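Single-structure report; data block below.
In the working numbering, the protein residues as written are 1074 to 1340.
What follows is the structure, given as structure tokens:
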């Protein structure tokens, strides 16, 4: 028998059609040495930080998946606030990898000081600044040699115009996953977290995240931890708001363990 989360009365949320914006490919060409990344015009959904988008997502999830209703009604709605530009977010993602939050914050603070020369932190972090830092300088503030190489690879792709903040914002989820995983140290999970918590993309399903998988197993009373294919099948009904459904899976597991499972840092 599945354990149900205690429900609270829900308010009615008016529905309105979702808006999409169509973006064209950038006209700038890449240097001969850089690989070409075709940017086919796609329909990109409004980010979850847009006015009213969270309300629309909750309306959809309540109507499409009755198993989620009690979870949604027992918790405060998610908040996807404004975040740093893509380059800074990706840099922070690399630095935070496999570290406890407190240690990661300390190293990131030292990194910002190094980049700014004691100045105003994040606004001074740029590909040029990162490329100007040696591996030795980065090690002195606690960045491992491996992560230093990851940062230099990311910054190098910006320098060579393989990546840019504007191109990242214009790519659809599939293209973004394909391109960002060519950066050393950035895997599928990191891209999923970046799309959800930095770009606020509404329809990301992190099939490899243990917390989300455990939440799905608990919610649907599955005998085994679902694998990627089963995650796609079970969570199909959440589209086009799988990011929000995933967020509730983290919260569901937290309510059972009193332990934070989802990234809470703004990346």
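All C-beta atoms, glycine included, are put in the ideal place defined by N, C-alpha and C.
Just so it is clear, the structure is predicted and the values come from calculations on it, not from any experiment.
Which two residues bound the contiguous alpha helix (DSSP H) that contains residue i?
{"i": "residue 1302", "result": "1301-1307"}
{"i": "residue 1280", "result": "Careful: residue 1280 lies outside any alpha helix (DSSP H) and carries neither H nor E."}
{"i": "residue 1134", "result": "1126-1137"}
{"i": "residue 1202", "result": "1200-1204"}
{"i": "residue 1329", "result": "1315-1330"}
{"i": "residue 1144", "result": "1142-1147"}
{"i": "residue 1211", "result": "1208-1213"}
Evaluate residue i with the Cβ neighbour count: other Cβ atoms within 10 Å of its Cβ, from every protein chain shown; 16 or more gives buried, anything less gives exposed.
{"i": "residue 1315", "result": "buried"}
{"i": "residue 1290", "result": "buried"}
{"i": "residue 1126", "result": "buried"}
{"i": "residue 1302", "result": "exposed"}
{"i": "residue 1162", "result": "buried"}
{"i": "residue 1124", "result": "exposed"}
{"i": "residue 1173", "result": "exposed"}
{"i": "residue 1118", "result": "buried"}
{"i": "residue 1164", "result": "buried"}
{"i": "residue 1225", "result": "buried"}
{"i": "residue 1299", "result": "buried"}
{"i": "residue 1190", "result": "exposed"}
{"i": "residue 1155", "result": "exposed"}
{"i": "residue 1150", "result": "exposed"}
{"i": "residue 1130", "result": "buried"}
{"i": "residue 1139", "result": "exposed"}
{"i": "residue 1220", "result": "buried"}
{"i": "residue 1287", "result": "buried"}
{"i": "residue 1153", "result": "buried"}
Report all residues from its chain with a CB closer than 7 angstroms to the CB of residue i; omit the five preceding and five following residues, and keep chain order.
{"i": "residue 1218", "result": "1208 and 1212"}
{"i": "residue 1134", "result": "1141, 1145, 1311, 1314, 1317 and 1318"}
{"i": "residue 1216", "result": "1168, 1180 and 1184"}
{"i": "residue 1307", "result": "1289, 1293 and 1299"}
{"i": "residue 1273", "result": "1120, 1121, 1122 and 1153"}
With C-beta atoms as the reference, is residue i less than 8 angstroms away from residue j?
{"i": "residue 1157", "j": "residue 1195", "result": "yes"}
{"i": "residue 1241", "j": "residue 1249", "result": "yes"}
{"i": "residue 1144", "j": "residue 1183", "result": "no"}
{"i": "residue 1256", "j": "residue 1230", "result": "yes"}
{"i": "residue 1121", "j": "residue 1275", "result": "yes"}
{"i": "residue 1185", "j": "residue 1198", "result": "yes"}
{"i": "residue 1263", "j": "residue 1159", "result": "no"}
{"i": "residue 1210", "j": "residue 1187", "result": "yes"}
Ordered along the chain, which non-local residues of its own chain (more than five positions away) have a Cβ less than 6 angstroms from that of residue i?
{"i": "residue 1258", "result": "1167 and 1223"}
{"i": "residue 1148", "result": "1324"}
{"i": "residue 1228", "result": "1200, 1203 and 1204"}
{"i": "residue 1137", "result": "1310"}
{"i": "residue 1113", "result": "No answer about residue 1113 holds up, because its pLDDT of 42 lies below 50 and its placement is not dependable."}
By Cβ distance below 8 angstroms, which residues in the same chain neighbour residue i in space, the five residues on each side in sequence not counted?
{"i": "residue 1260", "result": "1254"}
{"i": "residue 1277", "result": "1246, 1265, 1268, 1269, 1315, 1316 and 1319"}
{"i": "residue 1181", "result": "1165, 1168 and 1169"}
{"i": "residue 1304", "result": "1278, 1280, 1285, 1286 and 1289"}
Between residue i and chain C, is there a C-beta pair that is closer than 8 angstroms?
{"i": "residue 1253", "result": "No chain C is present in this structure, which holds just one protein chain."}
Which full runs of the beta strand (DSSP E) of 3+ residues lie inside the stretch 1158-1190, going along the chain? none
Report the residue ranges of all alpha helix (DSSP H) runs contained in full by the stretch 1216-1299; include only those spanning at least 4 residues, in chain order. 1218-1232, 1238-1243, 1246-1253, 1261-1270 and 1283-1292
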